[in-house]
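Undergrad: Taking our numbering, the leading residue of the sequence shown gets 168, the next gets one more, and so forth. Don't be surprised by glycine CBs; every beta carbon is placed ideally from N, CA and C.
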Amino acid sequence: MAPRPEARDRRGPAGGLAAFPIALAFGLALAVLPAASPVLAGEAGAAGTDPSAGEGSAKADADADAGAGAGADDRLFEALKAAPDEATARAIEDRIWRFWMQAPDARTGELVREAMARREVYDVAGAKSLLDEAAARAPDYAEIYNQRGFVRFLQDDFDGALEDVDRAIELEPRHFAAMAGRALILMRQGRHPLAQKQLREAVAIDPFLKERGLIAGEPEPPASPGVDL
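Pasting the structure below:
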């Protein structure tokens, strides 16, 4: 279950499973945002964008804004799929994350952010309790299940985690971060062919998905249009 800040040691009581690569696979650089901050996942990444990519990022913002009024609609995902480089793709991902993190009401948003804060201090049981409450309030809000899937993963509840990310993907079929998280769960279950299939489906949506390097035999990033490698 999003750049994303630089990797840092995130090992803790949850058996070391809070390591950065796991957060990455769930698209959860959300995890390193200040808990009280309303800043969304994608906004954290924008701060780390290479200034030299400004022109591409500006274009991405313009393309993304075309769809932002109604949310992460087809235009955003079309722009993401056609992104010519990683910086542009990250800017578009940011816009999509802003949509995904829009809770249906203020209280639900508070519960999700507080759950993220609890997870940050390794209170995974407390985080799950808050996300359970959020799910009861807003059962059709996909991001609750993406976040809770990560928490259940940290609890070694792989079946429960898979159930949650499946629900997130059911509600948001193009949730590339939930797909990446699902692939990681499948890997932990030893279901590697299914994990590879899921990763390929996620990369078909987001060609510059950070977890694309987990695809067997395909570690290289996509080529920019018109560039011969």
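Quick check: the Cα distance between Ala254 and Asp373, rounded to an integer number of angstroms?
TA: Their backbone Cα atoms lie some 13 Å apart in a straight line.
Undergrad: Quick check: the region 242-249 against the region 279-292, are at least 3 beta-carbon pairs closer than 8 Å?
TA: In short, these stretches do not touch, since the Cβ pair count stays below three.
Undergrad: I believe Ala347 touches Leu376 by the beta-carbon criterion, under 8 Å. Please report the beta-carbon distance rounded to the nearest angstrom.
TA: Contact holds; Cβ gap of about 6 Å.
Undergrad: Below 9 Å between beta carbons: does that hold for Leu381 and Ala344?
TA: Cβ distance not < 9 Å, so Leu381 and Ala344 don't count as in contact.
Undergrad: Counting along the chain, where does the alpha helix (DSSP H) carrying Gln363 start and finish?
TA: 359-372 is the span of the alpha helix (DSSP H), which, as asked, contains Gln363.
Undergrad: Less than 7 Å between C-beta atoms, sequence neighbours within five positions excluded: which residues of the same chain meet that for Gly293?
TA: Hits under 7 Å: Arg285.
Undergrad: Answer yes or no: do Leu243 and Arg262 have a C-beta to C-beta separation smaller than 9 Å?
TA: A contact, by the Cβ cut-off of 9 Å.
Undergrad: Sort Pro340, Pro360, Ala362, Arg379 by Cα distance to Trp267 and report the nearest one.
TA: Minimum Cα distance to Trp267 is reached at Pro340.
Undergrad: What's the call for Asp252, buried or exposed, on a 16-neighbour Cβ count within 10 Å?
TA: Buried is the call here.
Undergrad: Using a Cβ-Cβ cut-off of 6 Å (strictly less than) and excluding sequence neighbours within five positions of Tyr333, which residues of its own chain qualify?
TA: According to the sequence shown, residue 333 is Asp rather than Tyr. Answer for Asp333: no residue qualifies.
Undergrad: Have a look at Asp241 and Ala371 and give me their C-alpha separation to the nearest angstrom.
TA: Computed Cα separation, rounded: 14 Å.
Undergrad: For Leu376, which three-state DSSP category applies?
TA: Note: Leu376 maps to coil in three-state DSSP.
Undergrad: Note the first and the last residue of the continuous alpha helix (DSSP H) segment covering Asp331.
TA: Note, Asp331: alpha helix (DSSP H), 325-338.
Undergrad: Does Asp261 come out as helix, strand or coil in the three-state DSSP assignment?
TA: Of the three classes helix, strand and coil, the one that applies to Asp261 here is helix, per DSSP.
Undergrad: Measure the C-alpha to C-alpha separation of Leu353 and Phe320 and round it to an integer number of angstroms.
TA: C-alpha separation (whole angstroms): 11 Å.
Undergrad: With 16 as the cutoff for other CB atoms within 10 Å, does Lys364 come out buried or exposed?
TA: Exposed.
Undergrad: Would DSSP call Glu314 helix, strand or coil?
TA: Contrary to the premise, residue 314 reads as Gln rather than Glu in this sequence. In the structure shown, Gln314 sits in a helix (DSSP, three-state: H, G or I).
Undergrad: Specify the secondary structure class of Met354 as computed by DSSP and reduced to three states.
TA: Helix.
Undergrad: When we look at the beta-carbon of Gln314 and count the other beta-carbons within 10 Å, is it buried (16 or more) or exposed?
TA: With 16 or more other Cβ atoms within 10 Å, it is buried.
Undergrad: Look at the alpha carbon of Tyr289 and the alpha carbon of Gln322, and state the distance between them as a whole number of angstroms.
TA: Rounded to the nearest angstrom, the two C-alpha atoms are 10 Å apart.
Undergrad: Could you give the residue range of the alpha helix (DSSP H) that holds Gly293?
TA: It spans 291-304 - the alpha helix (DSSP H) in which Gly293 sits, taken as one unbroken run.
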